[in-house]
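Following: one structure in C-alpha cells, then a few remarks.
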Amino acid sequence: MKRIVVIGAGATGLSAAYALTQELKGQSDVEVLLLEKQDRVGGQILTVLEDDFVLECGPDCFISDKPAVLKLAGPLGIEDDLRGTRSESGGTYILTNGKLVRMPEGVMMMIPTKFKPFIGTKLLTWPGKIRAAMDVFIPRRKNLDDDETLASFVNRRLGKEILDRLAEPLVGGIHASDPETMSLASTFPRFLKMEKDDRSLIMAMLKSKRKMAKMKKNMPPADAVEEFEGQPEAHKAPKKRWTMFVSFKNGMQTFTDALAAAIGPDVIKLKTDVAAIEKKAMPGGGTSYVLKLKGVGDIEADAVILTSLAPQTGKLVESFDNALAGTLQDITCVSSATVNVVYRAEDVALPLDANGVLVPKVEGREIMAMTWVTTKWPDRVPDGYVMIRVFVGGAFRQELVSLADDEVMRLVRHELEDIMGITAEPVKARISRWVKTMPQYSMGHLERVAAIREREEAHAGLFITGASYSGVGIPDCVTAGQETARAALDYVRS
Ligand SMILES: Cc1cc2nc3c(=O)[nH]c(=O)nc-3n(C[C@H](O)[C@H](O)[C@H](O)COP(=O)(O)OP(=O)(O)OC[C@H]3O[C@@H](n4cnc5c(N)ncnc54)[C@H](O)[C@@H]3O)c2cc1C
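Quick note on this note's numbering: the sequence shown kicks off at 29 and runs consecutively.
Listed below in C-alpha cells is the structure:
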C-alpha cells in the first residue's frame, strides 16, 4: 500500500486530506495521514465560543468571489451555517488627520469610480484628487511585463495621496505588508492587467462595474437582504448570490472542524511535530521520504504534501536540498495580533454605522485597523453588546505583537478612546498573537516560487503548497490543497 502524508492541518492541509479521503473512499491502495504539531486543527483559523460570544481570533471571513469554500459547504453539511455580512453598503472609515472620514462611495479597491462623492470627500486634498483623476490621461508604462511594487504602481497611476490614504491601509493591509516592498504581480495581478488592457485604472474599473451590473440583474438578491428578512431557507436557493465577505454562524472554525470531522480521527494525528525529512532511494528505483517525528519516531511516505509556511518548510527539506531550503526561507512572514473587545452597547456612543476603520501608516498610530464585528454579524454577541476587533502589528509594527498582554490592552484602549471616545472597561477582551504567519509576497516572489517549483520537480513525491506561494486567502488555500492532493494521488498511482 502506498502512503501520502500531509504535513499541517490548516485550511490547506485539511482541504488536501479531505480531497484525498473523498477520492479514496472504498479503495485501499493508498493510505493518507495528516500530521499536525498543535493539539487542534485549523492552523490560523481559530474561533473561540465563550458564553454566547463568537470570538474570531484569526480570519473572520472569506471572499465569495472565489467559490472554493462555498462549494465545500454543501458536501460538508454546513451550508445552512453560511452567513453573509449584514450590509454591503456599510462602508468603511479611514482615519484622516485623527478624524473618521468615510471612504467615498464608489471607491473600489482604492480606485474612484463615482465623480461626486470623490470630489466631495475630505479624505484627500484638492491636489490629491486632481492627481488621482489624471489616471485617465496617463499613458501605459512601457515595460508592462516587469513587476513593480504596489507603491510604485499607485504613485505612478493615482498619486502619493491615494497610496498613503487608501492603497497602503486597504490593499497593503490584506497582506499586512509594506507597499514599498510588495510585488504587484504576485498580490494584485488584476491591477497590472487593467493597465495592460485598458490603460487607465478608473476606466477599467468603470467597465468592470458596468459588466457586473449587467450580470447582477439576472441573479437573485444578495444573501444579506434575504437573511435580514428572516428567510434562512433562502440559503439553499440555487445560484445564490452572496455578499462579498462570507462566514459561518459560529465563525470560520465551523469550516475547518467540518473538514476534520469528514476526514476522520484515524487520518489526523495531532501533537505530531515533523522535525525533519530525509529522502531515501528505494532499492528497486524510486524515492521515499522518512519523516522524523519529534518524540515519536520515524514514518515513511511515498509522497509528502507540505503545507507549513515557507520558512518552516525550508527547515524540513534542508537535509536533502539546501538551495530549495534557502529559497523557501527567503519568503519571510510577518507577525500580527487581533484583539477582540466587547462592550456594553451603552458604553459606545459612536454609531457603528460601517464595517470598521482603516488606519493609514501616515497617521502614526499603534493599530492597523479595526472591524466593527457586530455591524457585519450582529448575532456574534448577545443583545445589548457590541464587539470590535482591533489589528495590531503587520510589516510596520511587528514589535508590538511581542508586548505583554497588559501593554497590548493599554495601547488598544488608548486608541479606542482617542478614535472612538470609548472610555469604559471592556466586558470581555481576547488577544491572539500570530507570530510570523503572514507570508510576504515581496518583489521577486514570482521568481522565488518558480525556483521552488523547479526544485520540487527534482524530488518526485514532494509537494509544496499552502499560503506562502499563490494566495493567502482561505479560498486560495483550499484550492491549492485540492490541486496538490490530486497531483500527489496521480503520482503515487503512476
Ligand atoms: C489575523 C489573521 C487574519 C486573517 N484574515 C483573513 C480573512 O479574513 N480571510 C482570509 O481569507 N484569510 C485571512 N487570513 C489568512 C488565512 O487565514 C491564512 O492564509 C490561511 O488560514 C493559511 O492556511 P494554511 O493551511 O496554508 O496555513 P496554516 O493555517 O498556517 O496551517 C499550517 C499548519 O501546519 C502546522 N505545521 C507547521 N509546521 C509543522 C510541522 N513541522 N509538523 C506538523 N505540523 C506543522 C501548523 O501548526 C499549522 O497548523 C488571516 C490570517 C491571520 C493571521
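Note that the Cβ used here is the ideal one computed from N, Cα and C, for glycine as well.
I want to check one thing, is the minimum distance from the CB of residue i to the heavy atoms of ligand 3 below 7 Å?
i      : result
Lys239 : This structure does not include ligand 3; its bound ligands are ligand 1.
Using 8 Å for Cβ pairs, my map puts residue i next to residue j. What's the rounded Cβ distance?
i      : j      : result
Gly24  : Thr335 : Look at the range of the chain in this structure, 29 to 522, and you will see that residue 24 is not part of it.
Ile2   : Val97  : Because the chain spans 29 through 522 in this model, residue 2 falls outside it and cannot be assessed.
Ile106 : Phe273 : With 8 Å as the limit, Ile106 and Phe273 do not qualify as a contact, their Cβ atoms being about 17 Å apart.
Ala513 : Ala44  : 4 Å
Val429 : Val463 : 6 Å
Asp175 : Ala213 : 4 Å
Tyr413 : Arg372 : 6 Å
Asp375 : Ile447 : Not a contact, Cβ separation roughly 15 Å.
Gly200 : Arg159 : Wrong, their Cβ atoms sit about 19 Å apart, outside the cutoff.
Thr141 : Lys237 : 6 Å
According to the Cβ coordinates, are residue i and residue j closer than 8 Å?
i      : j      : result
Arg130 : Tyr121 : yes
Leu178 : Met137 : no
Ser275 : Cys89  : yes
Leu298 : Arg68  : yes
Leu517 : Leu61  : no
Ala338 : Ile359 : yes
Asn183 : Leu191 : yes
Leu229 : Asp163 : yes
Leu63  : Thr300 : yes
Ile395 : Val440 : yes
Phe143 : Lys157 : no
Glu397 : Pro217 : Just to set this straight, residue 397 is Ala in the shown sequence, not Glu. It is not a contact, given that the beta carbons lie outside the stated cut-off.
Ile333 : Ile35  : yes
Leu356 : Thr341 : yes
Val420 : Val401 : no
Ala288 : Leu104 : no
Thr271 : Gly134 : no
Leu319 : Arg483 : no
Asp349 : His442 : no
Gly494 : Tyr519 : no
Thr403 : Asn278 : no
Val500 : Pro467 : yes
What are the start and end residues of the beta strand (DSSP E) that includes residue i?
i      : result
Phe81  : Phe81 to Glu84
Val414 : Tyr413 to Gly421
Tyr46  : Run containing Tyr46: none in the beta strand (DSSP E); it sits in the alpha helix (DSSP H), Ala39 to Leu52.
Val182 : No beta strand (DSSP E) contains Val182, which is instead part of the alpha helix (DSSP H) from Leu178 to Arg185.
Met138 : Looking at the DSSP string, Met138 is not in any beta strand (DSSP E), and its letter there is neither H nor E.
Val477 : Unbroken run through Val477 is the alpha helix (DSSP H), His473 to Glu485; no beta strand (DSSP E).
Lys456 : Lys456 to Pro467
Arg238 : Element bounds for Arg238: not the beta strand (DSSP E) but the alpha helix (DSSP H), Leu229 to Lys245.
Leu77  : Thr75 to Glu78
Thr366 : Cys361 to Arg372
Leu525 : One cannot answer for residue 525 here, as it falls past the ends of the chain, which runs 29 to 522.
Val387 : From DSSP, Val387 is part of no beta strand (DSSP E); its letter is neither H nor E.
Val60  : Val58 to Leu63
Judging by CA-CA distance, which residue of the options is the nearest neighbour of residue i?
i      : options                           : result
Val369 : Val390, Asp358, Arg438 and Glu511 : Arg438
Glu427 : Val362, Asn125 and Asp175         : Val362
Ile459 : Val418, Ala309, Leu128 and Gly70  : Val418
Arg425 : Arg393, Leu104 and Leu128         : Arg393
Gly38  : Glu453, Arg168 and Gln66          : Gln66
Arg269 : Val500, Lys94 and Ile450          : Lys94
Arg168 : Arg483, Phe81, Leu220 and Gly118  : Leu220
Asp226 : Ser205, Arg185 and Arg31          : Arg185
Pro410 : Lys456, Pro103, Glu208 and Asp434 : Lys456
Lys235 : Gly449, Met222 and Gly54          : Met222
Ala303 : Gln468, Ile91 and Lys343          : Lys343
Thr215 : Ala241, Ser496 and Gln50          : Ser496
Pro406 : Ala423, Val387, Asn383 and Glu391 : Asn383
Gln281 : Gly494, Ala101 and Ala351         : Ala101
Ala204 : Met240, Phe491 and Ala423         : Ala423
Val33  : Gly54, Val58 and Gln50            : Val58
Asp80  : Ala241, Glu51 and Met415          : Met415
Ser470 : Pro155, Glu208 and Glu485         : Glu208
What are the boundary residues of the alpha helix (DSSP H) that residue i is part of?
i      : result
Leu439 : Asp433 to Met448
Arg514 : Ile502 to Arg521
Trp154 : Trp154 to Ala161
Pro217 : Pro217 to Asp226
Thr402 : Val401 to Lys404
Phe283 : Gln281 to Ile291
Asp358 : Asn350 to Asp358
Leu100 : Ala96 to Leu104
Val429 : Element bounds for Val429: n/a, residue is neither H nor E.
message: When you compare the stretch 378-398 with the stretch 462-481, are there three or more beta-carbon pairs, one atom per stretch, that lie closer than 8 Å?
response: As far as the Cβ criterion goes, the stretch 378-398 does not touch the stretch 462-481, which means the pair count is below three.
- request: Report yes or no: do the stretch 68-81 and the stretch 301-320 share at least 3 C-beta pairs separated by less than 8 Å?
  value: Cβ pair count under 8 Å is below three, so no.
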